[in-house]
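Chemist: Dumping the structure here so I can ask a few things about it.
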Amino acid sequence: MKTDVMTFKVEAELKENFKAVAARHDRPVAQVIRELMREYISKNREPNELTLETMRKSERGEDLHTAKDINDLYKQLGI
80 MKTDVMTFKV EAELKENFKA VAARHDRPVA QVIRELMREY ISKNREPNEL
130 TLETMRKSER GEDLHTAKDI NDLYKQLGI
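Numbering of the sequence shown is given in my numbering, commencing with residue 80 and proceeding in unit increments.
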C-alpha cells in the first residue's frame, strides 16, 4: 500500500489533548486520524448515480412504494 505524508497546522492545546486521549486508549495518533478521515468520507460522500436517480424519481412522485408496517415492508423487500 502506498502511503503519503500530510502536514497541517493545529492549535498546540488541541494537539496535546488529542495525543493524550489517544494514548489513554492505547491508540496511535495516526491510526485515529485515518479512522476519522474514513468516517468523514463515508458520511460526506456524494451519492452514486443510481441513488441520485432514485431521489429524482421520488421528488417527481414516481416509482413510490408504501408499506402498512415493518412486516409488510420486509415482505415487499423479500426479507
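Even glycine gets a Cβ: it sits at the ideal position worked out from N, Cα and C.
According to the Cβ coordinates, are V108 and F97 closer than 8 Å?
Modeler: The answer is yes: Cβ separation under 8 Å.
Chemist: What does the alpha-carbon distance come out to for the pair I120 and R103?
Modeler: Those two C-alpha atoms are separated by around 26 Å.
Chemist: Could you check what DSSP says for E95 in three-state terms: helix, strand or coil?
Modeler: Helix, per DSSP.
Chemist: Where does the unbroken alpha helix (DSSP H) through A146 begin, and where does it stop?
Modeler: A146 -> no alpha helix (DSSP H), and no H or E assigned at all.
Chemist: Rounding to the nearest angstrom, what Cα-Cα distance links L152 and R106 in this structure?
Modeler: Cα to Cα, L152 sits roughly 42 Å from R106.
Chemist: Can the beta-carbon of A101 be found less than 8 Å from the beta-carbon of V111?
Modeler: Against a cut-off of 8 Å, the Cβ pair of V111 and A101 comes out as a contact.
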